[in-house]
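Novice:
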Amino acid sequence: MKRLLLVFLALGLSSLAQTGLTPAYGGSFSLQTKGYDLGKFPDRTRIRIKGQIAKNGSVFGVYMASSPKEGVAPNYNERFLQIELNSAPKAKATYVVGDPAKKGVQGSLSLIDDRKGSKSWGGLGKVTVVALSQNSITLKGENLQMVSSKNGKYTLSFVLKVDNLSRTP
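As structure tokens, this is what we get:
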């Protein structure tokens, strides 16, 4: 039984590697940047993917616990990448993200990098729902412009797959 489980785990990780997604608790993701070096994540970084869908808004994100102690459950409060939509997502739909004060904007995107001082950017562009089921969602953003008055700008592309969606009325 253990061998069978290991085979399935190896096949699952292999398929994630082929798609370029990084496995994490609750899902997987990939990030590509132009103009900003994400570098490597610290040793023992724990990553959790979370997503919540509600009638009036949805939140999806990558959260990190960078240095958990042995025997202590990691705290995943460190937000890294977060996508917020002003509604429940629809399959194959594309949403405009950006400044909430601007007309036609349907959500927001932010990236916060606390590894070397706190740096944050807001994203401008489009996010597409590639796949949606009762329990999972895959979001994709291509060539989003990440801007910050303090930290400059760069281009971000990502794929985020949430495996354990929570839904609230």
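Under mature numbering (1 follows the signal peptide of the UniProt record, and there is no 0), the letters of the sequence shown match residues -19 to -1, 1 to 150, in that order.
For glycine and all other residues, C-beta sits at the position ideal for the given N, C-alpha and C.
#1: Mapping DSSP to helix, strand and coil, what is TYR17?
#2: Determine the closest residue to GLN63 out of MET127, LYS131, LYS73 and LYS83, with distance taken between C-alpha atoms.
#3: Using the beta-carbon count (16 or more within 10 Å), is LYS71 buried or exposed?
#4: Please say whether THR75 and MET45 have beta carbons closer to each other than 7 angstroms?
#5: May I ask you to list the residues that DSSP assigns as paired with ASP94?
#6: Return the CA-CA distance between ALA35 and ARG29, expressed in angstroms with no decimal places.
#7: Just to confirm my understanding: we take ASN145, look at its own chain, exclude 5 residues before and 5 after, and list those with CB closer than 6 angstroms. What are they?
#8: I'd like to know whether the C-beta atoms of LEU92 and VAL78 end up nearer to each other than 7 angstroms.
#9: Assign SER39 to one of two classes, buried (16 or more other C-beta atoms within 10 Å of its C-beta) or exposed (fewer than that).
#10: Tell me, please, which residues DSSP counts as bridged to ALA74.
#11: Beta strand (DSSP E) containing GLN87: first to last residue?
#12: Compute the minimum distance between the beta carbon of GLU59 and the heavy atoms of the ligand ATP, and state whether it is under 6 angstroms.
#13: What does a CB cutoff of less than 6 angstroms around ASP94 pick up in its chain, not counting 5 residues either side in sequence?
#14: Roughly how many angstroms separate the alpha carbons of THR119 and TRP102, rounded to a whole number?
#15: Buried or exposed for LYS21, going by 16 or more other Cβ atoms inside 10 Å?
#16: For PRO81, which residues does DSSP report across the bridge?
Specialist: In brief:
#1: coil
#2: Of MET127, LYS131, LYS73 and LYS83, the smallest CA-CA separation from GLN63 is found for MET127.
#3: exposed
#4: no
#5: LYS100
#6: 20 angstroms
#7: Exclusion of the five residues before and after ASN145 leaves GLY7 as the residues of its chain whose Cβ lies within less than 6 angstroms of its Cβ.
#8: no
#9: buried
#10: In the DSSP output, where bridge partners are listed per residue, ALA74 has none listed.
#11: Here GLN87 belongs to no beta strand (DSSP E), and DSSP marks it neither H nor E.
#12: Only the bare structure without any ligand can be found here, which leaves the ligand ATP out of the picture.
#13: Excluding five sequence positions before and after ASP94, the CB atoms of its chain that fall closer than 6 angstroms to its own CB belong to LYS100, given in chain order.
#14: 22 angstroms
#15: exposed
#16: None, per the DSSP bridge assignment.
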